[in-house]
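Note that the numbering used here gives residue 172 to position 162 of the sequence shown, counting from 1, and the numbers run on in steps of one. Ideal Cβ positions, reconstructed from N, Cα and C, are used throughout, including at glycine.
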Amino acid sequence: MSVDVRAVTESEFADWQRALRTGFLRPPVVTDEEVADRLANVDLARTTGAFDGGRVVATFRSFRQQVSTVGGGSLTADAITQVTVSPTHRRRGLLSRMMTADLAAAKERGDAIATLIAAEYPIYGRYGFGPASWAAEWSVDLRRAGLDPRRSGRPEDGGRIDLTDADEI
11 MSVDVRAVTE
21 SEFADWQRAL
31 RTGFLRPPVV
41 TDEEVADRLA
51 NVDLARTTGA
61 FDGGRVVATF
71 RSFRQQVSTV
81 GGGSLTADAI
91 TQVTVSPTHR
101 RRGLLSRMMT
111 ADLAAAKERG
121 DAIATLIAAE
131 YPIYGRYGFG
141 PASWAAEWSV
151 DLRRAGLDPR
161 RSGRPEDGGR
171 IDLTDADEI
């Protein structure tokens with residue numbers, strides 16, 4: 011039986027969510043409330059599943075993202091995320107089929123770039139993805155972040171962070 015790669019329907023979304031959770035080594039349990047909440051925040055036309063019979067064996071989702079550019083401008087990007095392939099269906103070209111279709115659709119939409127939100131970015135180098143930066147520097151306005159040292163409710167010693175291992179927890 012061939013594997014069908016296509017957009018997920020609303021009635022299939024709970025199964026897609028279970029496959030996604032399984033792909034990220036989490037229990038494949040989703041409540042009706044979780045499904046409804048997530049459905050309200052995804053574009054099903056950009057939520058792809060690979061179906062072997064009635065079973066979702068791979069997941070892929072993209073969404074529109076604005077990326078800031080030098081000089082205060084921005085570009086529309088195709089943000090790719092929630093990519094999984096079941097261990098039972100690896101090495102069959104499912105990721106390539108989903109990625110190729112999504113990048114072609116992004117080009118057709120006129121998206122200037124594609125971004126990848128991934129836990130294991132190195133496996134996507136074959137599609138042209140790589141790290142955007144190896145380092146970052148942040149400045150945080152303590153008052154805006156709610157960390158004003160003059161506010162009450164902070165620890166007497168100012169707080170601290172300790173490194174620990176699993177046995178100490």
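Looking at residue i: is its Cβ nearer than 8 Å to the Cβ of residue j?
i, j, result
"S96", "A68", "yes"
"A24", "V40", "yes"
"R48", "F73", "no"
"A5", "T86", "Residue numbering for the chain in the displayed model covers 11 to 179; residue 5 lies beyond these limits and cannot be assessed."
"S84", "V77", "yes"
"R16", "G63", "no"
For residue i, I'd like the list of residues in its chain whose CB is within less than 6 Å of its CB, leaving aside the five on either flank, ordered along the chain.
i, result
"F61", "D14"
"T91", "R71, I127"
Rounded to the nearest angstrom, what separates residue i and residue j at their Cα positions?
i, j, result
"G81", "L126", "23 Å"
"D42", "S21", "12 Å"
"H99", "Q75", "30 Å"
"P38", "R31", "5 Å"
"D88", "A115", "9 Å"
"D151", "L157", "8 Å"
"Y137", "F34", "21 Å"
"V18", "E178", "45 Å"
"W26", "A124", "23 Å"
"F139", "M108", "15 Å"
"L113", "A50", "24 Å"
"K117", "L104", "20 Å"
"L189", "Y134", "No statement about residue 189 is possible, as the shown extent of the chain runs from 11 to 179 and does not include it."
Which residues share a DSSP beta bridge with residue i?
i, result
"V15", "A60"
"T41", "T41 is not bridged to any residue."
"S78", "S84"
"A68", "A60, V95"
Within 8 Å of any Cβ in chain D, is that where the Cβ of residue i sits?
i, result
"L173", "Checking the listed chains, one finds no chain D in this structure; it contains a single protein chain."
Go through its chain and collect everything with a Cβ distance to residue i's Cβ below 7 Å, but skip five positions before and after it.
i, result
"V52", "R71"
Excluding the 5 residues flanking residue i on each side, which residues of the same chain have their C-beta closer than 8 Å to its C-beta?
i, result
"Y131", "F139, G140, P141"
Query raised in the report: Where are the beta strand (DSSP E) runs, 3 residues long or more, that stay fully inside the segment 84-169, in chain order?
Result: You should have 84-95, 123-126.
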